[in-house]
Every structure is written in structure tokens, then in C-alpha cells.
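Here is the structure we will look at.
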Amino acid sequence: MTLPSVLDPFFAAARSHPERPAVIDNGMTVGYGQLASWAATVADLVATRTPGPHPPVAVVTHHSVRDIAAILGVLAAGRGYVVVPGEDAGRAGDALRALGCRELIATADTGPLPAVDRVLRPRWTPSRAPVRHGGRPVGADDPAYVLFTSGSTGAPTAVAVPHRALHAVLPHLIGRYGAGPHTVSLNFTRADGDTSLEEILPPLLTGGLVVLDGDAEADLDRVLTDHEVTLINLPVDYWHIYTGHLLETGRKLPGSVETVVIGGEAVRPDMLERWHRLGADGVRLLNTYGSTETALVTHSAVLAGPGAETTVAGSADAEQPSGGASFADGVPIGRPLPSVRQAVVPRPDAPDGPGELFVSGPQLATGYLDDPARTAARFVEADLGGGPARWYRTGDLVHEAADGTLVFHGRLDHQVKIRGHRVDLLDVEEAIGRLPGVTAVAAAPHSKGEHTALVAFVVLAPEATAPHDDAPASRDGGPAPATTAPHDSTGADGTHSAHDVTGPAHGSATTAPDPAALRARLRATLPHHLVPDRIVAVPELAHTRTGKVDRATTRDRYL
1 MTLPSVLDPF FAAARSHPER PAVIDNGMTV GYGQLASWAA TVADLVATRT PGPHPPVAVV
61 THHSVRDIAA ILGVLAAGRG YVVVPGEDAG RAGDALRALG CRELIATADT GPLPAVDRVL
121 RPRWTPSRAP VRHGGRPVGA DDPAYVLFTS GSTGAPTAVA VPHRALHAVL PHLIGRYGAG
181 PHTVSLNFTR ADGDTSLEEI LPPLLTGGLV VLDGDAEADL DRVLTDHEVT LINLPVDYWH
241 IYTGHLLETG RKLPGSVETV VIGGEAVRPD MLERWHRLGA DGVRLLNTYG STETALVTHS
301 AVLAGPGAET TVAGSADAEQ PSGGASFADG VPIGRPLPSV RQAVVPRPDA PDGPGELFVS
361 GPQLATGYLD DPARTAARFV EADLGGGPAR WYRTGDLVHE AADGTLVFHG RLDHQVKIRG
421 HRVDLLDVEE AIGRLPGVTA VAAAPHSKGE HTALVAFVVL APEATAPHDD APASRDGGPA
481 PATTAPHDST GADGTHSAHD VTGPAHGSAT TAPDPAALRA RLRATLPHHL VPDRIVAVPE
541 LAHTRTGKVD RATTRDRYL
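Throughout the sequence shown, residue numbering follows UniProt numbering, covering 1 to 559 in sequence.
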């Protein structure tokens with residue numbers, strides 16, 4: 001099956017409004033005509049004369065407008081790309097050879113490059129060449145991009161996502177995100193995370209503007225304000241810390257922001273309660289769910305602001321937070337996009353509890369490259385209602401609420417046995433996240449002799465560390481997660497030491513809570529097997545490249 005290029009609307013916008021700003025890259029404005037010209041140059045360099053599929057084209061990225069032009073150019077040629085972050089370029093040779101990559105696009109003039117047959121260096125200079133009419137038609141199952149994923153555990157594995165997946169998901173994301181000519185979207189995520197496509201393609205396919213700014217993570221307030229950003233897409237943990245930063249400094253969300261998209265991890269009720277305290281009632285908070293294997297987003301729910309979901313459960317007379325609903329059954333990941341089929345499959349060992357979510361439809365990846373066993377285990381043929389189909393086993397546990405939305409209950413591989421009880425780490429994190437003074441938390445299993453014990457790592461709010469003169473000051477413009485440690489002891493090698501929270505009990509504004517006080521609070525409300533053996537205060541949690549909390553690395557770093 002052949003499909004038109006997904007980029008045809010972009011080239012149409014470039015032909016009709018070539019001078020319209022398409023990307024602002026750290027102060028440099030690139031118009032639609034110029035961006036389309038660069039993309040066309042790349043497309044000509046990687047174009048093939050024979051039908052696909054072909055090996056992916058490597059793109060060495062540096063979070064710049066050239067990255068965007070290179071990715072657009074590869075897609076316009078009907079090819080697929082794989083991103084090599086610039087800082088990893090010197091170590092990427094083996095991975096590229098395993099993928100069969102023979103071509104590489106350099107987006108910087110200097111720096112190490114992996115060994116490939118052809119290094120392509122497009123001319124990144126102004127051009128007034130006529131804008132091409134569109135991209136090359138593509139094979140529906142030919143790869144559009146290859147990303148490396150380890151899921152929540154395990155070694156990175158290459159996942160191939162076909163062009164049909166982008167055709168299936170992008171029209172719905174444009175609608176969900178409200179993208180259009182007046183959209184100003186912040187490209188917060190680097191190109192090696194598929195969320196970057198959510199930030200780039202919806203605005204560029206509808207005549208909007210994409211903003212790149214090297215200070216976005218450290219000084220988000222300024223970036224949003226200076227560029228009048230309307231659409232931002234943040235990892236859940238960063239969004240949670242940023243919300244706390246706004247509350248602690250008395251700031252409001254910049255007035256230009258219309259939609260905040262969050263995803264990558266589960267949203268806990270305490271996180272949503274903190275967001276409601278901002279008073280950002282006119283801003284849509286859109287929770288998204290998806291995986292690399294299912295192309296960007298499969299489910300979404302408006303948690304607050306215009307169009308927010310209604311209360312999932314609870315008394316109709318219960319007091320509702322301003323600007324959004326209260327979710328007594330848990331914060332929903334929402335309903336599937338129209339292109340997505342879903343099935344909740346009961347677990348044999350817990351048939352009455354949450355089931356595993358299976359997803360089907362054109363958004364599915366073709367599989368894991370050179371790993372047929374894993375592909376067969378995760379992509380299965382089954383009749384789960386409506387006839388046989390190819391399904392992706394997400395490994396996520398959900399239940400369907402009365403209104404049809406799905407509520408997330410953790411992952412199969414986030415469940416551990418503690419003293420003979422099955423424990424979901426998300427349940428532990430939710431309970432600790434509600435404790436006074438705790439701004440971020442990660443729970444992890446830890447071997448204790450022949451047994452498995454729970455340990456929790458917490459980042460404390462600045463007010464909990466007021467008596468300690470060595471606590472670093474918070475930045476004015478961004479959340480600065482690394483500045484919320486109770487003690488930030490920096491060794492000669494520049495590393496931070498972490499230790500159990502100490503001091504008088506109760507976690508008042510002038511005293512850091514001690515572990516006995518925090519554990520006492522938990523013991524008062526939780527079964528004993530959900531109470532961690534240790535609670536450790538840390539400067540910051542470890543994160544993956546895509547912004548998810550990395551529980552295992554956090555544990556290994558601080559224990």
C-alpha cells in the first residue's frame with residue numbers, strides 16, 4: 001500500500017507563505033520557505049531509485065533547526081531516520097552497523113562522527129529555490145523512524161515505526177493539541193525522544209511556529225514568556241517540579257500558554273492537586289499515554305481546564321478542585337484515539353483486578369529490529385473481540401472506569417514481592433508524594449540479605465531545608481530539581497552525597513522531617529508491606545534521556 005507523504009501540508013504552507021516564521025532557534029528565525037528548501041536538499045541527498053524498505057538514515061543531532069530540517073528531509077524522501085545525539089556520535093558506530101546504516105547527515109560543522117559509507121553535509125545557507133510540491137509517496141509499512149527503547153527495564157532495543165503510523169496519529173494529535181497557524185510550540189524534547197515529533201509536526205503541518213531555546217529546561221518561565229508559547233509538552237516529573245516552582249515563588253503560568261501536554265509516566269493525584277492550586281483554570285492540561293511501539297500517543301484525557309473530564313467516581317456533592325475534576329478511581333490516561341483499538345485482558349493470577357492493556361491498529365510498530373523473539377512476545381496475533389488482529393502487549397495494568405476512560409495501575413514489571421505481598425511501586429510513591437515537604441519520590445526494590453526490601457528516595461521542598469546554610473538557592477526562572485536537597489554535600493569529584501532525612505519530626509517549615517516521622521505517617525494509613533524500610537533524601541532523582549524517572553539508576557546512585 002502506498003501513501004502520500006505526511007509532509008505535504010508542510011510544503012503547501014511553505015509555498016503559500018514562504019516568509020512565515022517556521023522555527024525560532026535560539027533567536028534565529030527560519031521561515032517556512034527556507035526550512036522547506038533545506039528539507040528538500042536533504043531529501044535529494046538521501047533519495048533512492050529503488051522501492052523500499054531501505055536502511056534508516058542516521059541524523060546526528062544537536063537540538064537545532066538543522067535537526068528539524070534533516071528529519072523533514074528524510075521523511076520527504078520516503079525514507080526512515082535514526083537519531084544519533086551529537087554527544088554520543090563517537091560511540092554510535094556499532095549500533096548503526098547493526099541497523100545497516102550506510103548514510104549519515106551531519107548537522108554541525110565539527111565534532112566526531114561514526115564511521116559510515118557516506119557522510120552527507122547539506123548546504124545550510126539561504127536559498128530562494130522554488131519550494132517543492134510535496135514529499136515522495138511512501139510504502140505504508142516502510143520505516144519512518146527507528147528509536148531505541150528499553151521500556152522500563154532492560155537493554156536498549158531498536159524499534160521501527162512505519163509511515164502508516166504517522167498518517168494514523170498526526171491528524172488526531174493536531175485536533176487534540178489545537179494546533180494551527182497561531183500555535184507557538186516549544187520543542188522541549190530532543191530528537192532522540194519521539195515526543196519531539198509531537199512538538200514539531202503538528203504545528204509545522206498547520207502553519208504554526210516551533211521554538212528552540214537552550215535555556216528551556218533551566219529558565220522555562222522566561223522562554224515561555226519571551227516567545228509567547230501557547231503549547232508545551234513536558235515529562236510528568238518535570239511538569240510536577242515546575243508546578244511546585246511556580247507555587248513556591250508565587251508566580252503564575254505565563255499567560256500565553258493555552259495547552260500543557262504531559263506524558264511519559266503516571267500522574268498521581270497529589271500532582272494534580274498541586275496543579276489545581278496554581279489557579280490556571282483557563283489552561284488545558286492534557287494527559288497523554290503511549291509508547292515507542294505504538295507511535296507517539298494512543299490515549300488522552302483532559303485533566304483540567306476547558307473540556308476537562310468529569311469526575312470518575314465519588315459523591316456528586318463532593319467539593320471539586322477549581323478548574324478540573326476529582327478522580328476518586330485514579331487519574332485517567334483517557335480514551336483511545338479513533339485509530340486505536342484497545343482490550344483490557346484479565347490476569348490469570350488476579351482476574352478481578354486491573355488487566356493488561358493490549359493495543360491494536362495502524363499505529364503499531366513493525367517490531368524490534370533483529371529481535372524476532374521479543375517481537376513475537378510483545379506483538380501477538382489474537383482475537384480479543386471483533387476478529388483476529390495484531391496486538392501490542394503494553395505490560396501496563398489498567399481498569400476501565402464507568403465513563404469509559406482507562407485508569408493506570410502501574411506496570412507488570414513495577415510489581416515486586418515484599419514479605420509475600422505483591423506491591424506496586426506506584427502505590428508506594430503516591431502515598432509518599434502526599435507527605436508534607438515531599439516534592440518528588442521514587443520507590444525501588446533493594447536486596448536485603450535473602451529478602452527484598454523497599455527503599456524510597458525523596459526530594460524535599462526548599463522550605464524543609466531552611467535551617468541549612470549549605471542548601472543552594474533556587475533559580476528564578478525554572479524548577480531546578482537539583483536544588484531541593486536537604487543537604488547538598490559536594491565531594492572533591494563533584495558528586496552529591498545523599499543520606500537519610502534527619503532532624504526533629506513532623507516536617508515543619510523550619511525542620512527537615514526525619515525518616516521515623518515520615519514512616520510513622522505511612523504506617524498510620526498503609527499496610528505494613530507498603531511502608532519502605534528506608535527513606536533517603538536526595539538532591540534529585542535520576543532520569544532517562546526522555547525525562548522519565550529512572551528508579552534503578554536512582555537506587556544505584558544513592559545506595
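Think of the CB as a built atom: it goes at the ideal place given N, C-alpha and C, for glycine as much as any other residue. What you are looking at is a predicted structure, and each value in this text was computed from that prediction instead of being measured.
Three-state secondary structure (DSSP) of residue i
i           : result
Val257      : coil
Val59       : strand
Phe10       : helix
Ala179      : coil
Pro171      : helix
Ala313      : In this predicted model, Ala313 has a pLDDT of only 40, less than 50, meaning its place in the structure is not dependable; the value taken from the coordinates is given anyway. Coil at Ala313, not helix or strand.
Ser5        : coil
Tyr227      : Per the sequence shown, residue 227 should be read as His rather than Tyr. It is coil, neither helix nor strand.
Leu249      : Residue 249 is actually Thr in this sequence, not Leu. DSSP places Thr249 in helix when its eight states are reduced to three.
residue 562 : The chain is shown only over 1 to 559; residue 562 falls outside these bounds and no answer can be derived.
Asp533      : coil
Asp192      : coil
Leu205      : coil
Ser474      : Because the pLDDT at Ser474 is just 39, under 50, the model does not fix this residue reliably, and the value given afterwards should be weighed accordingly. Of the three classes helix, strand and coil, the one that applies to Ser474 here is coil, per DSSP.
Thr149      : strand
residue 560 : No answer is possible for residue 560: the residues shown for the chain start at 1 and end at 559.
Leu460      : strand
Ala36       : helix
Ala47       : coil
Cα-Cα separation between residue i and residue j, rounded to whole angstroms
i           : j      : result
Ala517      : Phe379 : 46 Å
Thr405      : Ala343 : 12 Å
residue 561 : Leu186 : As shown, the chain starts at 1 and ends at 559. That puts residue 561 outside it, with no answer to give.
Ala402      : Gly355 : 15 Å
Leu147      : Ala191 : 10 Å
Ala365      : Asp141 : 9 Å
Ser256      : Val210 : 15 Å
Leu337      : Thr110 : 43 Å
Arg128      : Trp38  : 11 Å
Ser196      : Gly214 : 15 Å
Val138      : His163 : 7 Å
Gly375      : Pro235 : Note that residue 375 is Thr in the sequence shown here, rather than Gly. If you take the alpha carbons of Thr375 and Pro235, they lie about 27 Å apart.
Arg335      : Ser300 : 6 Å
Gly100      : Tyr81  : 12 Å
Residue range of the beta strand (DSSP E) that includes residue i
i      : result
Arg284 : 284-289
Met28  : 28-31
Glu400 : 388-400
Ala158 : 157-162
His299 : 299-304
His85  : First, the amino acid is wrong: residue 85 is Pro here, not His. Start and end: 81-85.
Arg411 : 406-411
Nearest candidate by alpha-carbon position, reference residue i, set the options
i           : options                        : result
Arg121      : Val57, Tyr145, Asp141          : Val57
Pro445      : Pro4, Ala552, Val345           : Ala552
residue 560 : Gly78, Arg20, Phe10, His54     : Any property of residue 560 remains undetermined from this structure, which presents the chain solely from 1 to 559.
Gly250      : Asp221, His399, Ala542, Ala70  : Asp221
Gly33       : Gly27, Trp275, Glu19, Pro388   : Glu19
residue 584 : Ala70, Gly93, Ala43, Glu429    : Given that the chain is displayed from residue 1 to residue 559, the structure contains no residue 584 and the question cannot be resolved.
Val74       : Cys101, Gly100, Val46          : Val46
residue 619 : Arg341, Pro388, Phe188, Ile418 : One cannot answer for residue 619 here, as it falls past the ends of the chain, which runs 1 to 559.
Ile105      : Ala95, Asp94, Ala89            : Ala89
Pro351      : Asp371, His399, Asp370, Arg284 : His399
Ala218      : Val116, Pro462, Glu228, His245 : His245
Arg519      : Ala431, Ala461, Thr452         : Ala431
Val131      : Ala36, Gly334, Leu460          : Ala36
Leu72       : Ile200, Val161, Pro126         : Ile200
Arg557      : Leu522, Arg523, Phe457         : Phe457
Met28       : Arg393, Thr375, His227, Gly93  : His227
Leu247      : Arg411, Glu258, His276         : His276
Val370      : Ala14, Val23, Val159, Ala92    : Note on residue identity: the sequence assigns Asp, not Val, to residue 370. Nearest C-alpha to Asp370: Val159.
Arg123      : Ala168, His62, Ala40, Arg97    : Ala40
Arg534      : Ala443, His182, Thr243, Val23  : Ala443
Limits of the alpha helix (DSSP H) - the one that residue i falls within
i      : result
Leu72  : 65-76
Leu186 : Counting along the chain, Leu186 falls outside any alpha helix (DSSP H), though it belongs to the beta strand (DSSP E) covering 184-186.
Leu272 : 269-276
Arg91  : Where Arg91 is concerned, there is no enclosing alpha helix (DSSP H), given that its DSSP letter is neither H nor E.
Asp215 : From DSSP, Asp215 is part of no alpha helix (DSSP H); its letter is neither H nor E.
Arg556 : The sequence given here has Asp at residue 556, not Arg. Here the alpha helix (DSSP H) through Asp556 covers 551-558.
Cβ of residue i within 7 Å of any chain C Cβ
i      : result
Pro269 : Of the chains in the structure shown, none is chain C; there is only one protein chain.
Practice item. Could I get the ranges of all uninterrupted beta strand (DSSP E) runs contained in the segment 99-142, with 3 residues as the minimum, in chain order? Key: List check, beta strand (DSSP E) in window: 103-106, 118-120.
Check your understanding: Enumerated in chain order, which unbroken segments of the alpha helix (DSSP H) with a length of 4 residues or greater are wholly contained in the segment 429-458?
Key -> If one requires a minimum length of 4 residues, no alpha helix (DSSP H) run lies completely within the segment 429-458.
Point to revise | Inside the segment 337-383 only - alpha helix (DSSP H) runs reaching at least 4 residues | key: Scanning the segment 337-383 from its first residue to its last, the whole alpha helix (DSSP H) runs of 4-plus residues come out as 372-378.
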